[in-house]
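Residue numbers for the sequence shown follow the UniProt record's numbering, beginning at 1 and rising by one. For every residue, glycine included, the Cβ atom is placed at its ideal position computed from N, Cα and C.
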Amino acid sequence: YREKGNYVNALKQYELAEEIFKTSEPIQPLYLAIVCHNMALTCFHTCDYSTALDFYHLSLNMKRTIHDLDPLDLAASYSGISSVLETFGRYDEALANTEQSFQIRSAILPKLHPDLIINHNQFGLIYMGLGNLNKALKHYEKALEIQQLTLPENHKTLVTLNSNLSSLCGDLGNYDMALEKMERAIDIQLQLGLEAREVDTITMYSNYGLIWAEKLQYDKALEQYQLALDLVNQNQPLINHSAHAELRLKIGQIHAQKTNYDEALNCFNQAIDIYNKILSSRNHQDFVHCYVPIADVYQDKNDYEKSLEYYKLTLDCFRNSSSAEDTVLATIYANIGVLYENMRNTPAALYYNEKALEILLKLSTDDAVRPDLVPIYVNLAGVYSIDKNPLEALKYSEKALETALKCLSTDHPLVDKCMKLVGKLRKEQEEQAATAAARLKSNPICPIL
Numbered sequence: 001y002r003e004k005g006n007y008v009n010a011l012k013q014y015e016l017a018e019e020i021f022k023t024s025e026p027i028q029p030l031y032l033a034i035v036c037h038n039m040a041l042t043c044f045h046t047c048d049y050s051t052a053l054d055f056y057h058l059s060l061n062m063k064r065t066i067h068d069l070d071p072l073d074l075a076a077s078y079s080g081i082s083s084v085l086e087t088f089g090r091y092d093e094a095l096a097n098t099e100q101s102f103q104i105r106s107a108i109l110p111k112l113h114p115d116l117i118i119n120h121n122q123f124g125l126i127y128m129g130l131g132n133l134n135k136a137l138k139h140y141e142k143a144l145e146i147q148q149l150t151l152p153e154n155h156k157t158l159v160t161l162n163s164n165l166s167s168l169c170g171d172l173g174n175y176d177m178a179l180e181k182m183e184r185a186i187d188i189q190l191q192l193g194l195e196a197r198e199v200d201t202i203t204m205y206s207n208y209g210l211i212w213a214e215k216l217q218y219d220k221a222l223e224q225y226q227l228a229l230d231l232v233n234q235n236q237p238l239i240n241h242s243a244h245a246e247l248r249l250k251i252g253q254i255h256a257q258k259t260n261y262d263e264a265l266n267c268f269n270q271a272i273d274i275y276n277k278i279l280s281s282r283n284h285q286d287f288v289h290c291y292v293p294i295a296d297v298y299q300d301k302n303d304y305e306k307s308l309e310y311y312k313l314t315l316d317c318f319r320n321s322s323s324a325e326d327t328v329l330a331t332i333y334a335n336i337g338v339l340y341e342n343m344r345n346t347p348a349a350l351y352y353n354e355k356a357l358e359i360l361l362k363l364s365t366d367d368a369v370r371p372d373l374v375p376i377y378v379n380l381a382g383v384y385s386i387d388k389n390p391l392e393a394l395k396y397s398e399k400a401l402e403t404a405l406k407c408l409s410t411d412h413p414l415v416d417k418c419m420k421l422v423g424k425l426r427k428e429q430e431e432q433a434a435t436a437a438a439r440l441k442s443n444p445i446c447p448i449l
């Protein structure tokens with residue numbers, strides 16, 4: 001059932017197996033551990049990440065009591081735990097678990113064993129989350145090398161690998177390569193059989209559309225979203241699935257970009273309706289992904305009070321979540337900063353942008369420059385310009401450009417934006433200096449005798 005994407009029935013069967021193993025004599029901890037591990041995998045696929053993490057820990061604790069356990073079983077548990085922690089944005093913990101899994105596997109398995117692809121993929125995802133895109137790329141390249149040497153050309157691991165590489169290329173602003181990798185992932189997925197992983201196929205069409213949206217080709221993006229939506233409508237269990245909610249959000253964002261605000265709000269509210277049916281609390285962090293675009297729409301409509309109301313809802317979600325992702329919180333602070341900038345409330349704008357900057361600088365390392373720092377520096381430059389502080393404005397615009405050139409491709413839109421901003425602010429300073437010099441020349445200051 002799980003392989004066919006029928007996770008509800010899969011979970012029912014695992015629960016029956018768990019009950020049988022619990023009541024049988026003698027109790028077999030290994031079988032129970034395997035069942036718990038499989039239940040964790042199933043919960044992960046249904047996006048019930050907290051329950052998945054509980055089952056992974058339960059399985060790991062059982063395995064630790066078994067004296068003659070194959071160490072590779074422990075490696076699988078650490079790997080599963082890492083997947084959930086990475087999804088939560090708890091990257092340091094995820095990295096520690098992936099390293100434990102990798103140490104076990106690399107000590108036992110040949111250097112080019114296919115199981116090591118799992119770890120390299122996880123390393124790649126984690127380093128992407130940490131903003132270290134160069135390290136992420138190295139691990140994806142290693143995973144690709146192992147795959148090419150040990151597995152068939154169209155093996156299912158290539159679906160995940162190409163999908164992850166597509167995301168990385170998108171983050172680097174190399175959208176053509178991102179499209180190429182996602183097309184390859186979809187092609188392999190369809191060759192393997194659409195019914196095997198319908199949710200995954202929906203997600204890939206959705207992500208493929210997102211790349212077109214990043215290229216500002218909104219009609220092509222909507223084409224891919226419609227393909228994903230057709231799959232949802234053909235499969236009743238997916239109507240109330242998080243993948244459907246995420247798809248509605250992406251469609252809504254396209255409508256927002258095209259200034260079809262009513263249609264955008266309708267899509268965002270459809271996503272909220274889906275999450276209301278599948279999540280236990282209105283303060284669940286997934287609601288953040290609904291509230292933020294709604295706030296953005298109201299900001300675009302110049303309804304700043306309504307926008308602020310939804311941003312406050314996002315902060316409530318973070319206050320009530322133990323697994324909130326710091327990078328998402330930084331983005332929200334930055335968005336609130338932009339809102340206050342538009343309201344010409346520069347003290348509040350500075351406060352929220354500086355909070356965002358503080359979070360991202362803490363997550364930065366000496367060998368990794370975070371691309372998400374660039375828009376924060378741009379925001380701060382804008383606030384200081386409004387506040388009539390040209391020196392600070394220029395300082396932050398130059399920081400933005402320096403950071404962008406270190407971590408983004410030269411044709412990325414942000415690089416062009418930063419170059420124009422720096423040029424504009426430098427020109428303004430030169431003009432102000434020339435005006436001041438001319439004024440001084442026409443009205444020289446007489447020395448006091």
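- Remark: fewer than three beta-carbon pairs, one from each stretch, lie closer than 8 Å, so the segment 135-148 and the segment 373-391 are not flagged as touching.
- The straight-line gap separating the alpha-carbon atoms of L401 and L360 is approximately 17 Å.
- If you check the CB distance, V369 and T403 come in under 7 Å.
- Between N235 and the set L265, D286, D219, I202, the nearest pair of CA atoms involves I202.
- In the structure shown, T259 adopts coil according to DSSP, grouped into three states.
- With fewer than 16 other Cβ atoms from the protein chains shown falling within 10 Å of its own Cβ, G193 counts as exposed.
- In this structure, the beta-carbon distance from V338 to C317 does not fall below 7 Å.
- Taken in chain order, the complete alpha helix (DSSP H) segments of 4 or more residues contained in the segment 22-68 are 29-45, 49-63.
- The alpha helix (DSSP H) runs of length 4 or more contained entirely in the segment 388-424 are, from start to end of the chain, 390-407.
- Burial state of E145 is exposed, judged by a 10 Å Cβ sphere holding fewer than 16 other Cβ atoms.
- By the criterion of a C-beta distance shorter than 7 Å, T314 is surrounded in its chain by V288, Y291, V292, I332, once the five residues flanking it on both sides are discounted.
- Non-local beta-carbon contacts of S77 in its own chain, meaning distances under 7 Å to residues more than five positions away in sequence, involve H37, Y56, S59, L60, K63 in chain order.
- One alpha carbon belongs to D171, the other to L408, and they sit about 8 Å apart.
- Following the DSSP letters along the chain, one finds I239 in no alpha helix (DSSP H), marked with neither H nor E.
- Between the segment 168-183 and the segment 148-160, the count of Cβ pairs shorter than 8 Å is below three; the stretches do not touch.
- By the 16-neighbour rule on beta-carbons within 10 angstroms, N154 is exposed.
- Nearest to L151 by C-alpha distance, out of P237, N164, P114, R344, is P114.
- Comparing alpha carbon positions, the residue from P371, G382, D48 closest to C169 is P371.
- Put simply, the backbone Cα of L373 is about 11 Å away from that of E354.
- Cβ-Cβ separation between T98 and I117: approximately 13 Å, too far for a contact (criterion under 8 Å).
- One alpha carbon belongs to K399, the other to L363, and they sit about 17 Å apart.
- Between I294 and Y310 the beta-carbon gap is near 5 Å, inside 8 Å, which marks them as a contact.
- Within the DSSP secondary-structure output, T201 pairs in no beta bridge.
- Using a C-beta cut-off of 8 Å, the segment 240-257 makes contact with the segment 205-212, since at least three inter-stretch Cβ pairs fall below that distance.
- Judged by beta-carbon spacing, G80 lies within the 7 Å limit of A40, meaning their Cβ atoms are closer than that value.
- Residue state for D303 is assigned as coil, using DSSP reduced to three classes.
- C-alpha of E305 to C-alpha of Y351: approximately 18 Å in a straight line.
- Spanning the alpha carbons of Y140 and Y340 requires a straight line of approximately 40 Å.
- Per DSSP, P110 is not a residue of any alpha helix (DSSP H), being assigned neither H nor E.
- When P413, T65, T435 are compared, the shortest CA-CA separation from L216 is found for P413.
- Just so you know, the alpha carbons of K277 and D286 end up roughly 13 Å apart.
- Look at L95 here: in three-state DSSP terms it is helix.
- The alpha carbon of N119 has as its nearest neighbour, out of C43, K181, S101, the alpha carbon of S101.
- With a beta-carbon spacing of about 10 Å, A143 and N162 fall beyond the 8 Å limit used to define contacts.
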